[in-house]
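Chemist: Below you'll find the structure I mean.
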Amino acid sequence: MQRHQPVAALILCASCAWADVKVERKPLAIGGFVDIGQVVNADSIREPQSESFDPTGMMLNRTAAGVTQEIVVEDRLLLRVSIGGMFFNVAPQIVANPKSLPIKFGPGIEESFALYKWGDPKASNLEAQVGLFKYKYNSDAFNLGEYLFRANTYPGILYKSTWSWMNREVYDAKGLRLSYTQLHGTLRHDLLLVMESNNFPAQSFSPGYVGTWSLGGILEMSAGVQFQHLVPVKPSWLTRKDRGDAVWVEFPNIPDTVPLFTGNITYKAPSKTPRVVPVSDTLLPGPFATFKGDAQQIMVDTGGGNLAPIYDIYPHTETPISFRGIKTMARLSLDLGGMLGMEGAGPFRFFAEAAILGIQDQPFYYDKIAERMPVMVGMNVPTFGLLDLLAFQVEWYGNNALNSMDQYYAAGVPIPERNDYSGTQLKKLAWENDPSNYHDDDWKWAIQAKKSLIPGLNAHLAVASDQLRTVNILFLPSANPVLNHPSHWYYLFRLEWGW
Amino acid sequence: MVNPKYLMARSWPGSVLAGLLCLAPSQGICEDWEQGPTGIFSYLDIGQIVKGTYLDAPTEYDIFSRMGAYLKKDATYKHRLQVSIELGGMFFNPYPPIPNAPWTFGFRPAPGLNEASALYRFGDTQSPSAEFQVGYFPVKYNPQATNLGEYLFRSNAYPNILRSGDWHLMNSANYRSGGLRFGTRHAGGAFRQDFFLLQEVDNYPTSTLSPAYVASLDLGGWIQLGGGVSWQHGIAFRPSLVTPKTPHNRILHFDDFPEVADQELVTISRRPPPNPSDTIHYGVVLPGHRAGTPWDISEVDLLALQQATNPYNLKVYTDVATGADTVLDATGHYADSSNYREVGNRWPRDTSYTSFRGLKFMARASLDFGILSGMVPGSFVLYMEAALLGAQNQAYYYTKVLERIPVMAGLRLPTFGVLDGLSLELEYFPSTANLSSALYMRGAGSNPVDGGGPIPNAPVDGRETKSSSAFDVPVSVIYYDSPDGNHSDDIKWSVLAKKTLFPGLMVYTQIASDHMRFRDFQQELLESKTFFQRPSEWYYLFRVEYGI
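Chains as they are written, first to last, in the working numbering: chain A, 1 to 499; chain B, 1001 to 1548.
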């Protein structure tokens, strides 16, 4: 038994008496990896802080290392801290910007949490975890999937890990988890209260729940819900009322035919199909809805050649688009190897996951729930000892916008990206000109193989067309994904060690 | 053959290197090293500014959070030489968050080094008569201070800046710095002396060395007395930074300053108004004049002033018609000089420059009622601390020694097992200046020589009467000093409660109106004043801490 208290912890510790506390310190663990890979095919993309660049042929190199210490107190309190750092290159690397060229180092806290178990620590059915910890409800998802916590609702953005491109498809939860198991551990309830750290508005609290039922070790099913941004830091941050393209304005009745004196606008009237009208078109009588910014520019003749915005003339209601949303998830995993008696052949599982990233419709941008439903299916294929793991995944996400964070992340607006940063020239995307919108990036796929070379040394290979993002010169995830078409792909080889 | 470990232990660098090597499991040269346990120190903070001030505007309901994770390891060579490292990092949210600037919201990582030191014990290793410490280590001389106090090292002399939580918003009433410490123990440890040579890490000009001495006396366990002195910036490798000779920092001394009456303005100019481009707008606010009128001075004007042959042609003008407030246009220039009468020209007798260097003194005492009343020692303690932040007066800004004396009193209350500890602290610091680091920190920025100086920030409501014949004025800084001054932020308070839920798992709550400052997205300390400009402005902070 040993005890140590930092200087700061001595404050107000007059009555602390830990001399007889049982403390078990685990050996200090080390881990690290080297990544080498390449983007084989891609299209030009643009970052907000840079010019367009073509990532085709871009090398993917990273080196990381870390140490982990675990301490168990009285057999029931686990303390774990894992810290380290990574060498990486930013993207794009621009010759004219020397700061973007040399290799960078980023420190990191991998995990830092306390986990307490009630009852018998070896067979506890109730535990609480607080701090920064990895949460993963879909143990099969090696690349795609794991939507409930790490994906965003409005706009619906899918992520993969930005800092570690492989073997880290988890949610970095910062907050509290309470777990309770029933039926001899086959039914598990996870209740989470996490603080948003990646999705704006950051620091709001998003409670969530995941229930998992394991049936005979063959079939596992989960379902969950998260109330994203339920408790915001500032309620005013949930919307952007100052942005004309993030506030929907509805006019219950335009009484007469009104000539328009403005540029192209997008509106819905009287059906729900968005319509783009050119300059000097005519506004039909009846209900009419558009964005506040557009409404303020639609000038109508009030008589005598006097022009005034319809926004100022007719009664209307305003609906700001909100970041707040409810996400739901369902998944299943079927152990085919167990069913067929092929346990020794290696992992042989079929798995699937689907989510709704925002069950509520919101005007214009989010009026089709099917466009907010990513679906992933995958399979682990037995290799009869040749490999430790060989897995495939396919994802479909019929979102009609680019999986970009530019509008949302850089401008802090709860609307999807409306500029297409793919292609050698920027072009206006979809929204204004084509209701069918952008679907080039709807399909994703991933393959991963793993082989343990010797104990403590593993080799991994990934080939994928996924939500790969790099890190830009600001040390932020790139706003736009590198791969925006099923024909875009990369490979990544990893040598990983740890003990 | 010479044993490498022997060679390493012959010199301090070698010893430290050997110790660092032996922090990790190894063989050979490390057999005489005893590794300590690897410790964990982590926490999750969530708090809220209930009411505060940022950039002179009210702010409230700002949630803030931080997460720190550190590992600590030490190794001891024959129980005599101990090397320690505590490193890790933190996720913090910058302030202020700006929605359309992603780098200003969310959590930013920051690596952290809490300690990297070597400690050598002389005499009996269990009860050393002396010890020598080198490296980067925490210094805490006031064991009871939870938030306020600990003035001697972490406070600044010129200008007077008090600090409380910075990176660590709670339990950080200490000072971490690089340098040396030599401590001696007498009378069984009842009398303790520590000599320091510490590098200034927070107070500009950084990297200077500040010799210091701290003594403490334990009388029977229930009375503790302490005192100390620090010669801040005493050893400077670049003396010009300690006393910058810049227009920004220059003080003019006039022996024959004319009598001026109420509603009068004073200007320094190369030529009389109304030529505004030649007018150096320097303000001395006289009774009846509205304080805080912004008279900015441009860098061009400063340079012109500096280069002129007889630059300090003093002229005093009296507004005979409308009062002082009406005579300046929007740019701060004289719109019309017809309402003024010229009082006379004066030339300064001398010039001087304000210095960052200063002597700080500290005294403290504590009385443990717990021992007296048979309760748990340390559970019921009255304690106090006072300091003099700059013993020397300096012209114009630092003429009243009482304004440089912060006083703190605290009370640790018994909770009879309900809590581990409950502390209340109250501070009084009658400085007339706002405790802003604005001008000062600007001096520590990209242009340290020309940009800043050891001058305080202007109080909000200060006024001054200057009608004597001897008069010191600063050249360029608009400063409204007065016996009234700004005293809205004189009183600070703090409450800290701690409860251990389980060995290694603690919760804290701190409610305070203190000197907390945040950092921006570049990890820079905010230039602004603290968030809490009056006692009614406060925050709460909740912490879950785990470590052992």
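C-beta atoms are modelled at their ideal positions from N, C-alpha and C, and glycine is treated no differently.
Computed from a predicted model, the values in this text were never measured in an experiment.
Suppose the cutoff is 8 Å on Cβ atoms and the five residues either side in sequence are ignored; what does the same chain contact list for V90 (chain A) look like?
Modeler: Position 90 of the first sequence holds residue 90 (chain A). The answer, listed in chain order, is S100, K104, T470, V471, N472, I473 and F475.
Chemist: Closest by CA to A449 (chain A), which one among A:L495, A:A355, A:Y438 and A:D442?
Modeler: Here residue 449 (chain A) refers to the residue found at position 449 of the first sequence. Among A:L495, A:A355, A:Y438 and A:D442, the Cα nearest to that of A449 (chain A) is on A:L495.
Chemist: Can you tell me whether R1080 (chain B) is helix, strand or coil according to DSSP?
Modeler: Walking along the second sequence from the start, residue 1080 (chain B) turns up at place 80. R1080 (chain B): coil per DSSP, three-state reduction.
Chemist: Going by C-alpha to C-alpha distance, which of A:V247, A:N306, A:R76 and A:L60 sits closest to I36 (chain A)?
Modeler: For the purposes of this step, residue 36 (chain A) is taken as residue 36 along the first sequence, with counting starting at 1. Comparing Cα positions, the closest option is A:L60.
Chemist: For the region 138 to 172 of chain A, which segments carrying the beta strand (DSSP E) assignment without a break, of at least 3 residues, lie completely within its bounds, in sequence order?
Modeler: Whole beta strand (DSSP E) segments, 3+ residues: zero.
Chemist: What did DSSP end up calling I1297 (chain B) once you bin it into helix, strand or coil?
Modeler: Here residue 1297 (chain B) corresponds to residue number 297 of the second sequence, with the count starting at 1. At I1297 (chain B) the pLDDT is 31, less than 50, meaning the model places this residue with poor confidence and gives no usable figure here.
Chemist: Below 7 Å between beta carbons is the criterion; list the residues of the region 70 to 82 of chain A that meet it against any residue of chain B, in chain order.
Modeler: Listed by position, the residues of the region 70 to 82 of chain A near chain B (Cβ gap below 7 Å) are I71, V73, E74, L77, L79 and V81.
Chemist: Whole angstroms is fine: what's the gap from K1078 (chain B)'s alpha carbon to A459 (chain A)'s?
Modeler: By 1-based counting over the second sequence, the position of residue 1078 (chain B) is 78. By 1-based counting over the first sequence, the position of residue 459 (chain A) is 459. C-alpha separation (whole angstroms): 43 Å.
Chemist: Any C-beta of chain A within less than 9 Å: which residues of the region 1069 to 1103 of chain B qualify?
Modeler: Per Cβ criterion, the list reads A1069, Y1070, L1071, K1072, K1073, D1074, E1086, L1087, G1088, G1089, M1090, F1091, N1093, P1097, I1098, P1099, N1100, A1101, P1102 and W1103.
Chemist: Who are the Cβ neighbours of T212 (chain A) in its own chain at under 6 Å, not counting the five residues just before and after it?
Modeler: For the purposes of this step, residue 212 (chain A) is identified with residue 212 of the first sequence, where counting begins at 1. So the list reads R188 and S222, once near-sequence residues are dropped.
Chemist: For V39 (chain A), is the classification buried or exposed, using 16 other Cβ atoms within 10 angstroms of its Cβ as the cut-off for buried?
Modeler: In the first sequence, the residue the question calls residue 39 (chain A) occupies position 39. By the neighbour-count rule (16 or more Cβ atoms within 10 Å), V39 (chain A) is buried.
Chemist: Near F350 (chain A), what residues of its chain come up, given a Cβ to Cβ distance below 7 Å and the 5 sequence neighbours on each side ignored?
Modeler: Within the first sequence, numbered from 1, the residue matching residue 350 (chain A) stands at position 350. The residues are L334, L336 and M379.
Chemist: Considering only C-alpha positions, which residue in the set B:M1384, B:G1183 and B:L1413 is nearest to Y943 (chain B)?
Modeler: Any property of residue 943 (chain B) remains undetermined from this structure, which presents chain B solely from 1001 to 1548.
Chemist: Assuming contact is defined by CB atoms lying nearer than 8 Å, are K327 (chain A) and Q226 (chain A) in contact in what I supplied?
Modeler: Within the first sequence, numbered from 1, the residue matching residue 327 (chain A) stands at position 327. Within the first sequence, numbered from 1, the residue matching residue 226 (chain A) stands at position 226. In this structure, Q226 (chain A) lies closer than 8 Å to K327 (chain A) by Cβ.
Chemist: At a Cβ threshold of 8 Å, is K234 (chain A) touching chain B?
Modeler: Within the first sequence, numbered from 1, the residue matching residue 234 (chain A) stands at position 234. Closer than 8 Å: yes.
Chemist: Beta-carbon of Q1263 (chain B) versus every beta-carbon of chain A: anything under 8 Å?
Modeler: On the second sequence, residue 1263 (chain B) is found 263 positions in, with the first residue counted as 1. For Q1263 (chain B), the predicted structure reports a pLDDT of 44, less than 50, and the residue's modelled location is therefore unreliable. The matter cannot be settled from this model.
Chemist: Consider the Cβ of S164 (chain A): report whether some Cβ of chain B lies at a distance smaller than 8 Å.
Modeler: Taking the first sequence and counting its residues from 1, one reaches residue 164 (chain A) at position 164. No, its Cβ sits nowhere closer than 8 Å to a Cβ of chain B.
Chemist: Does DSSP classify D406 (chain A) as helix, strand or coil?
Modeler: Taking the first sequence and counting its residues from 1, the one referred to as residue 406 (chain A) is at position 406. Here D406 (chain A) sits in helix by DSSP.
Chemist: What residues from the region 1030 to 1053 of chain B come within 8 Å of chain A, judged by C-beta to C-beta, listed N to C?
Modeler: Within the region 1030 to 1053 of chain B, the residues whose Cβ lies closer than 8 Å to some Cβ of chain A are G1036, P1037, T1038, G1039, I1040, F1041, S1042, L1044 and I1046, listed in chain order.
Chemist: State yes or no: is the C-beta of D1520 (chain B) nearer than 7 Å to some heavy atom of the ligand HEM?
Modeler: Ligands displayed in this structure: none; no statement on the ligand HEM is therefore possible.
Chemist: For S236 (chain A), which of helix, strand or coil comes out of DSSP?
Modeler: Numbered from 1 along the first sequence, position 236 holds the residue referred to as residue 236 (chain A). Reduced to three states, the DSSP call for S236 (chain A) is helix.
Chemist: Going by CA-CA distance only, name the one from B:E1537, B:S1536 and B:F1521 that's closest to F1092 (chain B).
Modeler: By 1-based counting over the second sequence, the position of residue 1092 (chain B) is 92. With distances taken between Cα atoms, F1092 (chain B) lies closest to B:F1521.
Chemist: Hey, how far is the Cα of L1359 (chain B) from the Cα of H1168 (chain B)?
Modeler: Here residue 1359 (chain B) refers to the residue found at position 359 of the second sequence. Here residue 1168 (chain B) refers to the residue found at position 168 of the second sequence. Taking the straight line joining both Cα atoms gives about 27 Å.
Chemist: Looking at the structure shown, is D1450 (chain B) part of a helix, part of a strand, or coil, going by DSSP?
Modeler: By 1-based counting over the second sequence, the position of residue 1450 (chain B) is 450. Since pLDDT at D1450 (chain B) reaches only 31, below the 50 mark, its modelled position is unreliable, and the value read off the structure follows with that caveat. DSSP places D1450 (chain B) in helix when its eight states are reduced to three.
Chemist: Going by DSSP, what residue range makes up the alpha helix (DSSP H) through V194 (chain A)?
Modeler: Against the first sequence, residue 194 (chain A) aligns to sequence position 194. Counting along the chain, V194 (chain A) falls outside any alpha helix (DSSP H), though it belongs to the beta strand (DSSP E) covering L187 to M195.
Chemist: When the Cβ atoms of the region 310 to 319 of chain A are set against those of the region 196 to 209 of chain A, are three or more pairs found closer than 8 Å?
Modeler: In short, these stretches do not touch, since the Cβ pair count stays below three.
Chemist: When the cut-off is 8 Å and only beta carbons count, does M1067 (chain B) lie next to chain A?
Modeler: Within the second sequence, numbered from 1, the residue matching residue 1067 (chain B) stands at position 67. Output row for M1067 (chain B): interface = yes.
Chemist: Any idea which residues DSSP pairs F1416 (chain B) with across the strands?
Modeler: For the purposes of this step, residue 1416 (chain B) is taken as the residue at position 416 of the second sequence. DSSP lists no partner for F1416 (chain B).
Chemist: Taking three-plus beta-carbon pairs below 8 Å as touching, is the region 1132 to 1143 of chain B in contact with the region 1060 to 1072 of chain B?
Modeler: Result no; under three Cβ-Cβ pairs closer than 8 Å.
Chemist: Using a Cβ-Cβ cut-off of 8 Å, state whether F1107 (chain B) counts as contacting chain A.
Modeler: As a first step, residue 1107 (chain B) is located in the second sequence; it is residue number 107 there, counting from the start. With 8 Å as the cut-off, F1107 (chain B) counts as an interface residue toward chain A.
Chemist: Beta-carbon within less than 6 Å of F251 (chain A)'s beta-carbon, same chain only, minus the 5 sequence neighbours each way: which residues are those?
Modeler: One-based indexing of the first sequence puts residue 251 (chain A) at position 251. Around F251 (chain A): F288, Y314 and H316.
Chemist: Going by beta carbon distance, what residues of the same chain come within less than 7 Å of H488 (chain A), once the five residues before and after it are set aside?
Modeler: On the first sequence, residue 488 (chain A) is found 488 positions in, with the first residue counted as 1. Closer than 7 Å at the Cβ level, and outside the excluded window around H488 (chain A), lie N41, A42, D43 and S465.
Chemist: What are the partner residues of D1062 (chain B), as DSSP defines its beta bridges?
Modeler: Within the second sequence, the letter at position 62 stands for residue 1062 (chain B). For D1062 (chain B), which the question treats as bridged, DSSP gives the partners B:I1049.
Chemist: List, in order along the chain, the chain B residues whose C-beta lies closer than 7 Å to that of M195 (chain A)?
Modeler: Your numbering for residue 195 (chain A) matches position 195 in the first sequence. Ordered by position in chain B, the residues that pass the 7 Å Cβ test against M195 (chain A) are S1065.
Chemist: When the Cα of A1512 (chain B) is compared with those of B:D1368, B:R1534 and B:F1502, which residue comes out closest?
Modeler: In the second sequence, residue 1512 (chain B) corresponds to position 512, counting from 1. Of the candidates B:D1368, B:R1534 and B:F1502, the one whose C-alpha sits nearest the C-alpha of A1512 (chain B) is B:R1534.
Chemist: Does DSSP classify F1361 (chain B) as helix, strand or coil?
Modeler: Position 361 of the second sequence, counting from 1, holds the residue named residue 1361 (chain B). Strand, per DSSP.
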